[in-house]
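All remarks here apply to the structure that follows.
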Amino acid sequence: MLPMPEIDKAKCDNCGLCVSVCTCGALVLVSGQVTIVETEGCHWCTMCEAACPQGAISCAFEIVLAESR
Amino acid sequence: MSRAYLSTVRTSPALNAAAAQECGHHHRQHGTLCLCLSLRVIAGGAKRSGTGEIAAPAPGRLARLLVRGYGHCYNRVTANDRCLTSRETVQKELLQSIPYFAGLDSTELDSLRHDMFERSVPRGEIIQLEGEPAGALFFLASGAVKIFKTSPDGKEQILSIARPGESFNDVAVFDDGPAHASAQAMTPAVLYGIPADRLKTVLREHPQVALNTARVLADRTRQLVELVEDLSFRRVIGRVAKILLDHVGDGSQPRPRLTQQDMAAMAGTVREVVARSLKTLEDEGAIQIDRHQIRITDREALQEMVAAPA
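These protein sequence lines map, in sequence, to chains A and B. Following the working numbering, the numbering of the first sequence begins with 19 at its first residue and continues without gaps. Following the working numbering, the numbering of the second sequence begins with -9 at its first residue and continues without gaps.
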């Protein structure tokens, strides 16, 4: 399963701002609910996390040593 | 059922002694009732109150009442916590890995298990709130917990991230003061706790634990001094570099993922500055960002940035 941004549904008010800033189609509105679509097009730009006024989206990084890929 | 009534039930030593006898689960001196007995206590109390009209609450409602009755004391023992009796499995390897219990033999570890309770928390749960009294000393069995302070305008400063085997609210437990920071689960976590009043007895009965406690508190002081040093003397990019190096360690242990906001809270800056710092580190070849992964490609370069003067 491809790692994707995570939405905290308790914080998300479905304002759709993240959908409007997403350039790869990973975030869409389905029946008024922000939904994540698994896609390799998501390059982890973190704009959705930056745009969310509620802090409901997190794009967490895994920090590793180069030789432990 | 009023909060005042629940407080009375909670703190009656005689009631707790009776509870311990009847229930068979281990009970501390103050303020813990296991759920199975609480039903009878609350029902009996309703009759004694003379109202007659208050029915014994259903178990689900009782659990909610008990949690509300403990109010916002997240770190007190609640009806949802599990007593750890000899029938429960508290992995001895985990206990031995906790610095407080280093050097204890099997018999001593068995005796300590009877004083401990287990709590599972979901990701995002607030385990301890800054300024609240600490009812128990918590150890992390699994998961990750961030310890942070919040400014009046909502800015967050992460003091540390607790990992399995580590404790995180020692200061408030030992000086009987309010919690100096808040603690929140970064992942689903399992905690083991020792109630604060029981802890003092543990220290008296196990001198090795008291010695270990001194070492733990000394290490905690050292960490905080390093944080002060970072915030005072290092440039932001140096702090970000240090965060990356400290987080990855020797690369042998899995660590929780960090968002740019987490890194900003640890570095005492804002998210946008962290994003720029990471871009700069990538441009200089110290790291490589591949989607959700930050790979440290030049450890020495990061160390040089950490050492660079502000």
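Just so it is clear, CB atoms sit at the ideal spot from N, CA and C, and this is done for glycine as well. In this text the structure is predicted, and so the values were computed from the model without any measurement.
Between the Cα of residue i and the Cα atoms of the options, which residue gives the shortest distance?
| i | options | result |
| --- | --- | --- |
| B:L119 | B:Q147, B:S172 and B:A131 | B:S172 |
| A:C100 | A:A84, A:M19, A:C77 and A:C63 | In the structure as shown, chain A begins at 19 and stops at 87. Residue 100 of chain A is therefore absent and cannot be evaluated. |
| B:G133 | B:E156, B:A298 and B:A254 | B:E156 |
| B:M295 | B:D273, B:Q250, B:E274 and B:A231 | B:A231 |
| B:L248 | B:F91, B:Q86, B:V135 and B:T97 | B:V135 |
| B:G167 | B:P299, B:V238, B:S101 and B:P123 | B:P123 |
| B:S222 | B:V238, B:G258 and B:E195 | B:G258 |
| B:F91 | B:H170, B:H104, B:K139 and B:N202 | B:N202 |
| A:I25 | A:I54, A:G59, A:V82 and A:A69 | A:I54 |
| B:H196 | B:T97, B:E83, B:S87 and B:A300 | B:T97 |
| A:C42 | A:M22, A:A84, A:V82 and A:Q51 | A:M22 |
| B:H237 | B:I286, B:A297, B:T191 and B:P185 | B:I286 |
| A:L83 | B:A126, B:F128 and B:I279 | B:I279 |
| B:I116 | B:D100, B:K139 and B:L99 | B:K139 |
| B:I137 | B:R153, B:A208, B:G125 and B:G239 | B:R153 |
| B:A131 | B:D143, B:E83 and B:G114 | B:E83 |
| B:A162 | B:I151, B:G125 and B:R212 | B:G125 |
| B:M256 | B:A297, B:D220 and B:G275 | B:D220 |
| A:C60 | A:L35, A:G34, A:I81 and A:L45 | A:L45 |
Please classify residue i as buried or exposed, where buried requires at least 16 other C-beta atoms within 10 Å of its C-beta.
| i | result |
| --- | --- |
| B:G215 | Residue 215 of chain B is actually Val in this sequence, not Gly. Its Cβ having fewer than 16 others within 10 Å, B:V215 is exposed. |
| A:T57 | exposed |
| A:E67 | buried |
| B:R109 | buried |
| B:L234 | buried |
Express the C-alpha separation of residue j and residue i in angstroms, rounding to a whole number.
| i | j | result |
| --- | --- | --- |
| B:D187 | B:M106 | 12 Å |
| B:L94 | B:G121 | 33 Å |
| B:V111 | B:Q174 | 9 Å |
| B:S141 | B:I148 | 11 Å |
| B:I277 | B:V206 | 33 Å |
| B:Q283 | B:Q250 | 12 Å |
| B:R245 | A:A78 | 12 Å |
| B:P185 | B:I88 | 17 Å |
| B:G144 | B:F128 | 25 Å |
Please list, in chain order, the chain A residues whose beta carbon lies closer than 9 Å to that of residue i.
| i | result |
| --- | --- |
| B:R261 | T64, E67 and A68 |
| B:V241 | Val is not the amino acid found at residue 241 of chain B; the sequence shown has Gly there. The answer, in chain order, is V82, L83, E85 and S86. |
If the cut is a Cβ gap below 8 Å, which residues of chain A does residue i touch?
| i | result |
| --- | --- |
| B:T287 | A84 |
| B:I284 | F79, E80, I81 and V82 |
| B:V111 | By Cβ distance, chain A contributes nothing, its closest Cβ being about 15 Å from B:V111, past 8 Å. |
Mind listing the chain A neighbours of residue i? Cutoff is C-beta to C-beta under 7 Å, in chain order.
| i | result |
| --- | --- |
| B:S281 | In the sequence as presented, Ser is not what sits at residue 281 of chain B; that position holds Arg. Under the 7 Å cutoff, chain A gives H61 and W62. |
Would you mind telling me which residues of chain B sit closer than 7 Å to residue i, beta carbon to beta carbon, in chain order?
| i | result |
| --- | --- |
| A:D31 | Correct list: empty, because the minimum Cβ distance to chain B is about 16 Å. |
| A:P21 | H282 |
With 8 Å set as the bound, which would you pick, yes or no: does the beta-carbon of residue i sit closer than that to a beta-carbon of chain C?
| i | result |
| --- | --- |
| B:G114 | No chain C appears in this structure, whose protein chains are A and B. |
Please confirm if the stretch 216 to 231 of chain B is in contact with the stretch 249 to 266 of chain B, defined as three or more CB-CB distances below 8 Å between the two stretches. yes
The stretch 24 to 31 of chain A / the stretch 71 to 79 of chain A touching (three or more Cβ pairs under 8 Å): With a cut-off of 8 Å, the stretch 71 to 79 of chain A and the stretch 24 to 31 of chain A count as touching, because enough Cβ pairs lie within range.
Stretch-stretch touch, CB-based, cutoff 8 Å, three pairs: the stretch 289 to 296 of chain B with the stretch 171 to 185 of chain B: no
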